[in-house]
Structures are given as structure tokens and as C-alpha cells.
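Presented below is the structure to which this report refers.
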Amino acid sequence: MSQKLDYETKLGRVLALDENIRYAAVCDMEGKIMTSKSKGNSDLYLSPEETQETLLHAAKAWKSRMRHYDKIGKGLYTLAVYEKLRRVTIPLSSGNLLLVTIDNKGGQKQIIDRILNEVNYADYTVG
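With our numbering as the guide, the letters of the sequence shown map in order to residues 43 to 169.
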């Protein structure tokens with residue numbers, strides 16, 4: 043199975059974890075979107091180009107953090123909180139990044155924990 047199909051399967055599993063998860067994408071460390079999925083009933087706030095731009099910034103930020111891993115340990119995830127949603131960025135064991143957007147309807151800590159469990163313990167993208 044190709045890595046893209048593996049990621050598409052993973053994104054489907056992530057979206058199914060909770061009704062408040064709106065969008066998920068995998069990008070490489072250059073910020074290039076490899077694959078993405080959204081729930082059919084979710085209005086996306088950003089255009090594909092704007093999402094690509096945010097992923098470029100996220101990838102640059104992760105590269106910057108990696109310089110300090112030997113002192114503070116590996117980054118587990120970042121959380122950006124906005125008025126309308128929350129965005130979680132998680133490094134994958136394959137070296138790519140997972141971006142997930144969540145509605146601000148409550149339960150975000152539990153949702154993030156479920157996403158981390160899916161990524162860390164059911165990560166079939168190791169290759």
C-alpha cells in the first residue's frame with residue numbers, strides 16, 4: 043500500500059474519532075500537503091492556499107524546535123487556539139506532520155488525547 047493511501051486511511055480514522063474534528067491533513071517537513079480530508083458537513087474557514095501557507099509555517103516551526111530536542115525532548119504536539127477553532131499539529135514517526143482542526147465546542151483535551159493515541163499507538167505509517 044502506498045504511503046498516500048496509508049495517510050488517507052489514517053485521516054479517515056482521525057476524523058471518525060469525534061464529531062468535533064473538522065479537518066485533518068498530512069504535510070511533509072517543507073509544508074507541502076500530501077493528503078487531506080474534511081467532514082462533509084464542515085465549512086472550512088481557510089482556502090486550500092491559506093491552509094498550505096499555515097502548514098508551511100508549522101513545518102518551519104517544527105524544524106526550529108527539533109534543534110532543541112536533545113535538551114528538552116521531542117515535541118509531542120502544538121495547539122493553537124482561535125476564536126472559532128483549535129488547530130493541533132503532531133509530528134508523525136514517518137517524519138511528516140499531522141494537522142487536525144477541532145471545533146471549540148468543548149472536550150478538546152479528550153479529543154487531543156484520542157488523536158495522540160491514534161497516532162502514537164496505531165501509527166501504521168511507519169515505513
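Ideal Cβ positions, reconstructed from N, Cα and C, are used throughout, including at glycine.
Which ranges would you report for the beta strand (DSSP E) in the segment 74–135 if only whole runs of at least 3 residues count?
With a minimum length of 3 residues, the continuous beta strand (DSSP E) runs that stay inside the segment 74–135 are 75–80, 120–123 and 127–133.
Quick check on L53: does DSSP put it in helix, strand or coil?
Three-state DSSP puts L53 in a helix.
For M71 and G117, what's the separation of their Cα atoms in angstroms?
As the crow flies, the alpha-carbon of M71 is around 14 Å from that of G117.
With a cut-off of 8 Å on the beta carbons, I'd call V123 and I157 a contact; round off their distance for me.
No, V123 and I157 are not in contact; Cβ-Cβ is about 15 Å, not under 8 Å.
What whole-angstrom Cβ distance do R64 and I144 have, given they're in contact under 8 Å?
R64 to I144, Cβ: 7 Å. Contact.
How far does the alpha helix (DSSP H) with S155 in it reach, from first residue to last?
In the sequence as presented, Ser is not what sits at residue 155; that position holds Asp. Taken as a continuous stretch (DSSP letters only), the alpha helix (DSSP H) holding D155 covers Q150 to Y163.
Residue range of the beta strand (DSSP E) that includes A58
For A58, there is no enclosing beta strand (DSSP E), since its DSSP letter is neither H nor E.
Excluding five sequence neighbours on each side, which residues of the same chain lie with their C-beta closer than 7 Å to the C-beta of L57?
Correct list, in chain order: I63, A66, K79 and K81.
For Q177, which option in T120, L134, D48 and N162 has the closest C-alpha, if you only look at C-alpha atoms?
Examination of residue 177 is not possible in this model, given that the chain is present from 43 through 169 alone.
Which stretch, first to last residue, makes up the beta strand (DSSP E) that contains D70?
DSSP places D70 outside any beta strand (DSSP E), giving it a letter other than H or E.
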